[in-house]
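Below: the structure, in structure tokens.
So, in structure tokens, the structure goes:
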């Protein structure tokens, strides 16, 4: 991932809302799928408050890959890997910063407020990992105070398969799921709406070129399997989860909905913001050889945030309350490259358009906890909101908002957009 | 599911190999996708040793649903539900039994030996359940001798999400997966090929009409969500599984490959063979209301078998050795209808073409154990084969064959075909 002229902080756009935009300055240029005014789904790129309609400027873009961009999902384009991504980025950066192209492109901008966002890919498989070590410790402490981390954690990037069919783009209402829950003192479970509905602040990884079945992706090639990043909310029904998860893992507690932000923020856009990644504490085992190596800066320099508003707060005109904030690289014991290498080491095939969740990103700090389960200590220490309301878990009418920004000295900050969900009971 | 003239035991086919065929008499008529001689994937129906090329006889078939049958996967046809399935079955039964249609149809038969079978659907999601109670007890005993069944088992049809991308049709070679494994006495795990490669004898369920996100399928409608059945081998690396599965369930131990038989045996074909299902032992809890009710005969009257050949056995011309045999209905604590109702009760959306595994089908009998883990008591009591070889787990060159037959007084038996896999190390 090289830093080139597309990252030049002096470069601005003739789309004025892009300059100083928290998420989409001309240095970001993520990919998405959107529809507008009865027109079908198509590929786009957000710039400031607008979206560039990519098929509409196909001739101006040029490139052998415009056919892959002329589809209602990005799978085919992401499968092409970094070459076309880099070429598209270079060309768009030029078109959107050089006033000379304004006439050719301006008619193909659509206001984001007039667009409906869709999932960027047809998701073949969705896998969720558990690489947030502080989350694993915080949750483990609630079950095993003396031994919160299981013995495999520092050797195995723990992951499990999630449900692809119920992944939705930001804005999908969160219908409180029914399920079995059993109070510790109860003799038998009962069935009904979850009483411990929670969010999980995660990042999502979109897979680009995958691998054939039986053909692992070595760690030193894992970087090239990644097509981009998004925010991911792994909505979780804690009461259902506690009762169902033994011995095969979470199921109905999670598969009722997973929300993602609509924009695929590319590794190219992230180049200036990558870090050395998680520092293993003294005494921790070295990663096994198949998980060692990879790029020099595999750490995601993204500050992730979760915010909450309640109906009462919105009615009173109060702004969202920040629940947590933390740097992803400080939370992730395993890097995205290690995740990819591990996932495929047994020959399991990843496919373009697949989605991988990192797991909940909590930092070591009390203001960096990525779920209410952690913030409320398992529902024992309710959070008090600025409205005076308290929360152990999410209530009907609550809206959860995830955001992420990347910043680095000498570069223009970029963001991933928003991942929102309103609990509708 | 009514029994009609298509089940008439007096009905024979002019395709002579169909009469007395173990799997595909004219009373079965399952669906599949196949290719032959450079011709693309298309829908077919096995009859005896042949396949009927459905698009080739579209005009003879008639029916508004022939367009859905003219696709390289069955998703669209399965989404139509039982109406078109029943109509197709009726018409095919007529065409293949009445000599008058021989001229119109015979030219559209392809020998199965000349065909390449493919997956019947594009699998959106694959879920594996754990409804084989004897398997759960047998495996549980190896970990918790005094308390083999976890407290949730008799309330919750336990399931987890598997990998859709690595589901393959019968015949796919089984590449021994690499992964982390840790001997109990070892300080740290090591990485390498699995030493405890196993099979799991399961049935697969193909989903027909699904449900919208947030819209559960009630138990009394669950039957209509099922489009058919197949055999499923949930290949499992026990050493990888033991080390990785806490706390989120099996992952790399399973997702390197799942094999299915190619034929979708419809609920219509199974109508004469359904049974009352599992009898809960005295004292077991009643199913919660959302899992109670459904059809009168939800039990699968399928005798499932696992057979093994080794390289040495094949070289010596010895037949496959039967590892186990048992009736699915005797193994399944939860019915397929209960599985469907549970899976969707939280709003999780099932989609046409989805695949659901039952979990390993072991009966209470020592000759009905559906995995080597159970047969060899966790690798402690090796099985002796007719060749004199012994097995705790699968070795390179071993081939595993799953079959299933349904039989009932007064009806012609049908079968699911085969699910094969050769371990290639």
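Chains as they are written, first to last, in UniProt numbering: chain S, 1 to 425; chain Y, 1 to 425.
Beta carbons are placed, not taken as given, at the ideal position from N, Cα and C, and that holds for glycine.
Quantities reported herein were computed from a predicted structural model and do not represent experimental measurements.
Residue from the options with nearest C-alpha to residue i
{"i": "residue 365(S)", "options": "117(S), 134(S), 111(S), 48(S)", "result": "134(S)"}
{"i": "residue 163(Y)", "options": "367(Y), 255(Y), 25(Y)", "result": "255(Y)"}
{"i": "residue 392(S)", "options": "195(S), 36(S), 344(S)", "result": "195(S)"}
{"i": "residue 271(Y)", "options": "230(Y), 407(Y), 349(Y), 294(Y)", "result": "407(Y)"}
{"i": "residue 4(Y)", "options": "267(Y), 404(Y), 346(Y)", "result": "267(Y)"}
{"i": "residue 282(Y)", "options": "154(Y), 25(Y), 110(Y), 56(Y)", "result": "154(Y)"}
{"i": "residue 192(Y)", "options": "167(Y), 185(Y), 181(Y), 198(Y)", "result": "181(Y)"}
{"i": "residue 234(Y)", "options": "56(Y), 220(Y), 120(Y), 355(Y)", "result": "355(Y)"}
{"i": "residue 338(Y)", "options": "88(Y), 278(Y), 317(Y)", "result": "278(Y)"}
{"i": "residue 214(Y)", "options": "183(S), 159(S), 358(S), 165(S)", "result": "165(S)"}
{"i": "residue 424(S)", "options": "312(S), 216(S), 29(S), 395(S)", "result": "395(S)"}
{"i": "residue 430(S)", "options": "132(S), 67(S), 32(S)", "result": "Examination of residue 430(S) is not possible in this model, given that chain S is present from 1 through 425 alone."}
{"i": "residue 141(S)", "options": "422(S), 416(S), 414(S), 378(S)", "result": "378(S)"}
{"i": "residue 419(Y)", "options": "167(Y), 413(Y), 41(Y), 388(Y)", "result": "167(Y)"}
{"i": "residue 274(S)", "options": "330(S), 238(S), 325(S), 389(S)", "result": "330(S)"}
{"i": "residue 298(S)", "options": "223(S), 11(S), 92(S), 372(S)", "result": "223(S)"}
Reduced DSSP secondary structure (H/G/I, E/B, other) of residue i
{"i": "residue 424(Y)", "result": "coil"}
{"i": "residue 75(Y)", "result": "helix"}
{"i": "residue 399(Y)", "result": "strand"}
{"i": "residue 121(Y)", "result": "coil"}
{"i": "residue 372(Y)", "result": "helix"}
{"i": "residue 313(S)", "result": "helix"}
{"i": "residue 280(Y)", "result": "coil"}
{"i": "residue 260(S)", "result": "strand"}
{"i": "residue 110(Y)", "result": "strand"}
{"i": "residue 321(Y)", "result": "strand"}
{"i": "residue 357(Y)", "result": "strand"}
{"i": "residue 193(S)", "result": "strand"}
{"i": "residue 307(Y)", "result": "strand"}
{"i": "residue 14(S)", "result": "coil"}
{"i": "residue 36(S)", "result": "strand"}
Residue i: first and last residue of the uninterrupted beta strand (DSSP E) it sits in
{"i": "residue 180(S)", "result": "178-181"}
{"i": "residue 7(S)", "result": "No beta strand (DSSP E) contains residue 7(S), which DSSP labels as neither H nor E."}
{"i": "residue 53(S)", "result": "50-53"}
{"i": "residue 41(S)", "result": "39-47"}
{"i": "residue 227(S)", "result": "226-233"}
{"i": "residue 161(Y)", "result": "159-161"}
{"i": "residue 363(S)", "result": "Neither: residue 363(S) is in no beta strand (DSSP E) and is coded neither H nor E."}
Chain Y within 8 Å of residue i, Cβ atoms only
{"i": "residue 339(S)", "result": "no"}
{"i": "residue 134(S)", "result": "no"}
{"i": "residue 178(S)", "result": "yes"}
{"i": "residue 252(S)", "result": "yes"}
{"i": "residue 130(S)", "result": "yes"}
Boundaries of the alpha helix (DSSP H) in which residue i is found, first to last residue
{"i": "residue 267(S)", "result": "267-270"}
{"i": "residue 65(Y)", "result": "No alpha helix (DSSP H) holds residue 65(Y); DSSP gives it neither H nor E."}
{"i": "residue 273(Y)", "result": "Residue 273(Y) -> no alpha helix (DSSP H), and no H or E assigned at all."}
{"i": "residue 168(S)", "result": "From DSSP, residue 168(S) is part of no alpha helix (DSSP H) but of the beta strand (DSSP E) over 167-169."}
{"i": "residue 211(S)", "result": "Here residue 211(S) belongs to no alpha helix (DSSP H), and DSSP marks it neither H nor E."}
{"i": "residue 329(S)", "result": "328-331"}
{"i": "residue 143(Y)", "result": "133-143"}
Chain S residues whose Cβ lies nearer than 8 Å to that of residue i
{"i": "residue 150(Y)", "result": "246, 247"}
{"i": "residue 196(Y)", "result": "None at all; the shortest Cβ gap to chain S is about 14 Å."}
Residue i CB to nearest heavy atom of the ligand ATP below 7 Å
{"i": "residue 16(Y)", "result": "For the ligand ATP, the structure offers nothing, since it holds no ligand at all."}
Below-8 Å beta-carbon distance, residue i vs any chain S residue
{"i": "residue 387(Y)", "result": "no"}
{"i": "residue 348(Y)", "result": "yes"}
{"i": "residue 166(Y)", "result": "yes"}
{"i": "residue 158(Y)", "result": "yes"}
{"i": "residue 227(Y)", "result": "no"}
{"i": "residue 112(Y)", "result": "no"}
{"i": "residue 288(Y)", "result": "yes"}
7 Å Cβ cut-off: residues of chain S touching residue i
{"i": "residue 125(Y)", "result": "163, 164, 165"}
{"i": "residue 256(Y)", "result": "346, 347, 348"}
{"i": "residue 175(Y)", "result": "214, 347"}
Chain-ordered neighbours of residue i on chain C, where CB pairs are closer than 9 Å
{"i": "residue 419(Y)", "result": "Note that chain C does not occur in the displayed structure, where the protein chains are S and Y."}
Neighbouring residues, chain Y, relative to residue i (Cβ below 9 Å)
{"i": "residue 351(S)", "result": "165"}
Interface residues of chain Y facing residue i [CB-CB closer than 7 Å]
{"i": "residue 101(S)", "result": "Within chain Y, no residue comes near residue 101(S); the closest Cβ sits about 40 Å away, beyond 7 Å."}
{"i": "residue 14(S)", "result": "Going along chain Y, no residue has its Cβ under 7 Å from residue 14(S), so there is no contact; the nearest lies around 41 Å."}
Chain S contact residues for residue i, given Cβ-Cβ distances below 9 Å
{"i": "residue 188(Y)", "result": "155, 285, 288"}
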